[in-house]
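Asks: Next up is a structure, given as structure tokens.
Residue numbers (UniProt numbering): 1 to 272.
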């Protein structure tokens, strides 16, 4: 077929000439070739369509699988988030409770601190008062000691600052280079009586032998200045005191000695 011309070839009793039959064969072969090409193109096209369809199916499967995995991963992530949130909520509840406990402890400690501060202020005030009193007493003591230690003429007399037994009072005097006073004259008795305003030990006792009064220098008593009825040795009274008691019956500067238990606590008058 060329230029829109159709040739119809018929084999009718071989009426056509040889040229016409040859032309018809050529035309028929051409038609067969075109048919084969179309079939090939259709086959190729269908193959390509199948390939594309297979690729699409594979891609769709991959996409669906990926989305499924993504959804699964998302669900796992959501579940993890839920667990994390629950854990955080539990931790928050626990921390809230601990915070309440700590706040309660803080309030208690604050109350105790305020109480301690109040007690400290009170104690500090008492401390200041005691320090002031100690200072005052120390000043008075120094004045008294100064007064007592300055009672010196040809000899020096001083009175101990603490209440002690007769033996401890004597040791107090000896530690200071003195001894308990020895009174062997009326003039000295009057002088010593004028120095004291309380009951004090003197250096006389009969501890070694009852009734045998001796001074601390081991000399024997020659003249005594006893209260009326003394010494009476009631309850083993072996040490002698100068009893300053103006209200006592029969008391006078020349009648002021009394025997007492040596363990009794009182000050001692020392002579140096």
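From the three backbone atoms N, C-alpha and C, an ideal C-beta is built for every residue, glycine too.
#1: Can you tell me where the beta strand (DSSP E) holding residue 257 begins and where it ends?
#2: Give the range of the beta strand (DSSP E) segment to which residue 219 is assigned.
#3: Compute the Euclidean distance between the alpha carbons of residue 258 and residue 114, then round it to the nearest angstrom.
#4: Pop quiz: residue 180 and residue 202 are said to be a contact at Cβ under 8 Å. What is the actual Cβ separation, rounded to whole angstroms?
#5: Should residue 67 be labelled buried (16 or more other beta-carbon atoms within 10 Å of its own) or exposed?
#6: Can you say whether residue 50 is buried or exposed, counting buried as having 16 or more other CB atoms within 10 angstroms of its CB?
#7: Helix or strand or just coil, what does DSSP make of residue 101?
#8: Could you pull the DSSP bridge partners for residue 269 from this structure?
#9: Do residue 262 and residue 205 count as a contact pair if the criterion is CB distance below 8 Å?
#10: Identify, in the order they occur along the chain, each residue of the same chain with its Cβ nearer than 6 Å to the Cβ of residue 264, setting aside the five sequence neighbours on each side.
#11: With a threshold of 16 other CB atoms inside 10 Å of the CB of residue 94, please say whether the residue is buried or exposed.
#12: How should residue 106 be labelled, buried or exposed, when 16 other C-beta atoms within 10 angstroms of its C-beta is the threshold for buried?
#13: Which partner residues does residue 164 have in the DSSP bridge list?
#14: Taking its Cβ as the centre, do 16 or more other Cβ atoms sit within 10 Å of residue 91, making it buried, or is it exposed?
Replies: The short version:
#1: Within the chain shown, the letter at position 257 stands for residue 257. Counting along the chain, the beta strand (DSSP E) containing residue 257 begins and ends at 257-260.
#2: The sequence position of residue 219 within the chain shown is 219, counting from 1. No beta strand (DSSP E) contains residue 219, which DSSP labels as neither H nor E.
#3: Counting from 1 along the chain shown, the entry for residue 258 is found at position 258. Counting from 1 along the chain shown, the entry for residue 114 is found at position 114. Approximately 59 Å, taken between the alpha carbons.
#4: As a position in the chain shown, residue 180 is number 180, starting the count at 1. As a position in the chain shown, residue 202 is number 202, starting the count at 1. Sure, about 6 Å apart at Cβ, within 8 Å.
#5: Counting from one through the chain shown, the residue named residue 67 turns up at place 67. Residue environment analysis places residue 67 among the exposed positions, since fewer than 16 neighbouring C-beta atoms fall within 10 angstroms of its C-beta.
#6: Residue 50 sits at position 50 when you count from the first residue of the chain shown. Answer is exposed; the Cβ neighbour count stays below 16.
#7: Within the chain shown, residue 101 is the residue found at index 101, counting from 1. Looking at residue 101 - three-state DSSP - the assignment turns out to be helix.
#8: The residue given as residue 269 occupies position 269 in the chain shown. Partner(s): 159.
#9: As a first step, residue 205 is located in the chain shown; it is residue number 205 there, counting from the start. As a first step, residue 262 is located in the chain shown; it is residue number 262 there, counting from the start. Closer than 8 Å, so yes.
#10: Along the chain shown, read from residue 1 onward, the residue named residue 264 stands at position 264. Closer than 6 Å at the Cβ level, and outside the excluded window around residue 264, lies no residue.
#11: If you number the chain shown from 1, residue 94 lands on position 94. Looking at its Cβ environment, which holds fewer than 16 other Cβ atoms inside 10 Å, residue 94 is exposed.
#12: By one-based count along the chain shown, residue 106 stands at place 106. By the neighbour-count rule (16 or more Cβ atoms within 10 Å), residue 106 is not buried but exposed.
#13: As a first step, residue 164 must be located in the chain shown, where it is residue number 164. Paired residues: 266.
#14: Counting from one through the chain shown, the residue named residue 91 turns up at place 91. Per the 10 Å Cβ criterion, exposed.
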